[in-house]
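Here's the structure, in structure tokens; my notes come after.
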Amino acid sequence: ERLRQENHEFEASLSNCKALVHMRITVLHLCLSILLFLSGWAQIGHSQHHSPPEVVIPLRINGTNRAMRPPNWISYSLHFGGKKHIVHMKAKKLLVSKHFSVFTYTKEGALLEDHPFVQSDCYYDGYVEGDPESLVALSTCLGGFRGTLEIHDNVYEIKPKRLSTTFEHLLYKKDREKTQFPLMRCGLTEEEPARQLKLQRRDNSILRQSGYEGWWTHTWYLEAVFVVDYEQYLYKKSNVSLVIEELFVISNTVHSLLCKVDVELSLHGIEVWNEKNIFEVTNNIYTVLQHFCSWKKDSLDPRLKNDLAHFLAKQDFEIHLGLAYVGSVCDVGMQCGVNRALGDDLHEFALTITHEMGHNLGMLHDEPECICGDPICIMYPEKSNGIKFSNCSYAEMWETFQYMNCLRSAPKQEDILKWTGCGNDVVEEGEECDCGSPTLCSNHPCCSENCTLKFGTECASGLCCEDCLLLPPGQVCRENVSECDLPEWCNGTSPECPEDVYVQDGVRCMDSGYCHEKRCNARDEQCRQIFGKESRSAQESCYMEVNSRGDRFGNCGLIGENYVRCNKSDFLCGRVQCENVKEIPFLRSHTTVHWMDFNGVTCWGTDYHFGMTVPDIGDVKDGTECGNGQVCIHRKCVSMSLWASDCSPETCAMKGICNNKHHCHCDPNWEPPNCTEKGYGGSVDSGPPPGKRVKEWMKKRKGPFFLFPFLVLFMSLLLLLIKMHQAPSRKKKKHVKPSPEKKEMGKKTSPAKQQQGAQTSP
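Per the working numbering, numbering through the sequence shown is continuous, rising by one, with the last residue being 763.
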């Protein structure tokens, strides 16, 4: 009994121990679960939001036919999502400034400035065939494609597959769902923009130009600088080159996104804090922005011209992705922004920077009623993959840009980075061809990567090159576009079309006009081109009344940012004025038609305002008559004597016309240079027209090859004779009687061996 009781007590104790252990394990399991949840929360906060990648192989589409080959455009085929997509793209020209600078520091804290070699022709933007709203922002600088594609509202990131020998790439589809918790967002509060804009408009009221108020200009130019903190430098393995490379990829995407609101981003410099942070970078993004803007004003601006600088910090700013001042891009001390740079998602960084730059340009956060064609737009306050600006962003930018004169000036051509050498897609001295980067050359039919022509080809580009072969002489390569233009023909030896030549300035055309730089400039014709065939040039009183105003409707040009009133002697050289207008034309965006009625006279014209980059259809063209023996040149009415030339119809024996090089362009059946002998027309500048020289070229071209068919026939006969000579000897060997010894040996062998011997015998 006692034993039974002890056993019962032992079992009870064991049960208690099991319960206690189970409780402790349960508590431990709960604690571990909470820790895993919290760590998962942090991981989700930094996730890349990628779907599993799809492997794609971009295939170059080669159209060597001239009609299929838009200049400077390339095309690739990508198969993903079960469909084939054709990508068309063109190299960017303004992405990197010629005076691009990289700043770093020595261990002692001394500033170092470098101007490294930058390959500027390997950054592309474009579109996907069949989707006019698509986005393509790719880089090929290091071989392969890297960047962003947006097709039918789906966003993809593409990058080369490491160690691939077949040009494989990984394509990631970006998730649009809000999978982060807590939600990451811009640090700009809702009340801050109104306060900033009020201060900015008060301080910059003197910048307002009444002549431009409310008018949207076509292109704005933003010169930007990026600054990278010390932690980000360490994260990139202390490799400044890697930091620069990734910033170029980011800049390429930002450039493509800003282009949608007509803002051209140009990267002027990068500073890397490679020894330590200049100021303390805490997790308080508001304090960091203040410190960075102050440092930029005092340290960066005096040594590097810029409109805007953005700070990329490897710092967790709690729930904030970035922060920037609103409408501040032209305000000294506020032309700045801060962006969180955690992880390796360059597309995410580009979207954050674009969002914060949008604030600098005057854009506020999108409200629920704002639309862009996608579920979420770029200026959405929380983290998203939106790649389009909303209608609200356009309106806010329009309003703010009335004050922003600092973005009006385009970079000078000499300030745009131009790389020379093999691989820049420009044929230079010592090169037979140039197909661009190794990636672009991989499938080129005519040109090799080392800038030499492939075997059997004659050319790789040019108006006189088709399917890698030279076009024959007499083939038209540039047709005349007007009665003041002249055609050019291929010469059969060069892939390039001869230099464009045209009718000499001052030659009469259309009865009332004069030729000038390929155009026949007559007032009535210009009015017909704008307002239809019934219209004509207005009375002189219209010209005097409108062009003496000095505004965008009537002026004699611009000096700086101010319209110039026309002098009394030049009013016919300002803006063209028309009458008898029966229809209102369909014109390009931002162009305005105006009419004025005074003293019973109605004048019609168009405007042209500062910043527009499209051709001006309404200015009086150079070469237009403005008086007896006078023409308009550069908005001035000057004497025609400036067109004096030693070439005239008499010089050409009245059988030709003078070109702009003062040489005779002969009529058909007459030979240059003086059109006095029978021939085929043209000039010494135009290349040979069709005729005798074409026949001579065909003879020369066939000369080296006319014996080829006979050579083939001769070789065929020779081979036939050799075979015929060998055949009898084989027959003799086959009919030789075997010796008795061989017969005896043959009897002793088995049938199988006999068969084998028969198969192997000669």
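Ideal Cβ placement from N, Cα and C applies to all residues, glycine included.
Residue i burial status per 10 Å Cβ neighbour count (16 or more: buried)
i	result
residue 630	exposed
residue 380	buried
residue 126	buried
residue 482	exposed
residue 372	exposed
residue 253	buried
residue 671	buried
residue 705	With a pLDDT of 48 at residue 705, under the threshold of 50, the modelled position of this residue cannot be trusted, and the question is left open.
residue 257	buried
residue 563	exposed
residue 189	buried
residue 92	buried
residue 118	exposed
residue 139	buried
residue 486	buried
residue 573	buried
residue 204	At residue 204, the pLDDT of 40 sits below 50, so the modelled position is not reliable; the number obtained from the coordinates is stated separately. Exposed: under 16 other Cβ atoms inside 10 Å.
residue 237	buried
residue 715	exposed
residue 144	exposed
residue 585	exposed
residue 504	buried
Contact set for residue i: own chain, Cβ-Cβ below 7 Å, skip 5 residues either direction
i	result
residue 496	460, 462, 463, 465, 466 and 471
residue 542	602
residue 639	631 and 632
residue 85	78
residue 398	262, 362, 363 and 364
residue 553	212, 564, 608, 609 and 610
residue 570	638
residue 735	Confidence at residue 735 is low in this model, with a pLDDT of 49, below 50, so the placement of that residue is unreliable and no value is reported for it.
residue 686	499, 500, 502, 660, 662 and 664
Span of the alpha helix (DSSP H) around residue i
i	result
residue 543	541 to 548
residue 224	Counting along the chain, residue 224 falls outside any alpha helix (DSSP H), though it belongs to the beta strand (DSSP E) covering 221 to 229.
residue 294	286 to 296
residue 75	That residue, residue 75, is in no alpha helix (DSSP H); its beta strand (DSSP E) goes 74 to 81.
residue 276	Run containing residue 276: none; DSSP gives neither H nor E here.
residue 528	524 to 532
Nearest to residue i (by Cα), restricted to the options the options
i	options	result
residue 141	77, 551 and 457	77
residue 432	442, 451, 447 and 387	451
residue 113	160, 352, 275 and 166	275
residue 493	356, 385 and 691	691
residue 354	228, 306 and 605	228
residue 100	499, 368 and 115	115
residue 302	319, 317, 269 and 281	269
residue 133	123, 151 and 546	151
residue 176	189, 563 and 155	155
residue 474	688, 123, 330 and 261	688
residue 383	368, 396 and 395	368
residue 187	357, 442 and 559	357
residue 135	574, 664, 387 and 294	387
residue 319	310, 297, 283 and 337	283
residue 56	75, 62, 80 and 63	80
residue 255	348, 569 and 539	348
residue 111	97, 273, 169 and 74	273
residue 88	105, 438, 103 and 61	61
residue 579	454, 557, 619 and 480	619
residue 527	443, 626, 442 and 559	626
First and last residue of the uninterrupted beta strand (DSSP E) at residue i
i	result
residue 626	626 to 628
residue 151	147 to 152
residue 115	112 to 115
residue 105	97 to 106
residue 555	Per DSSP, residue 555 belongs to no beta strand (DSSP E) and is neither H nor E.
Cut-off 6 Å between Cβ atoms - residues of its own chain near residue i, not counting five sequence neighbours on either side
i	result
residue 624	515, 517, 522 and 632
residue 171	54, 160 and 162
residue 157	150, 172 and 174
residue 97	119, 121, 268 and 418
8 Å Cβ shell around residue i - same chain, five flanking residues per side excluded
i	result
residue 350	251, 313, 340 and 342
residue 408	221, 222, 223, 264, 308, 330, 331 and 402
CB contact check: residue i to chain B, cutoff 8 Å
i	result
residue 251	No chain B appears in this structure, which consists of one protein chain only.
4-residue-minimum alpha helix (DSSP H) runs that sit fully inside the region 231 to 268, ordered along the chain: If we require 4 residues or more, the alpha helix (DSSP H) runs fully inside the region 231 to 268 come out as 231 to 236 and 241 to 259.
Every unbroken alpha helix (DSSP H) within the region 360 to 396, with a cutoff of 4 residues, ordered by chain: none
Minimum length 3: unbroken beta strand (DSSP E) runs contained in the region 604 to 674: 626 to 628, 631 to 634, 637 to 640, 657 to 659 and 665 to 667
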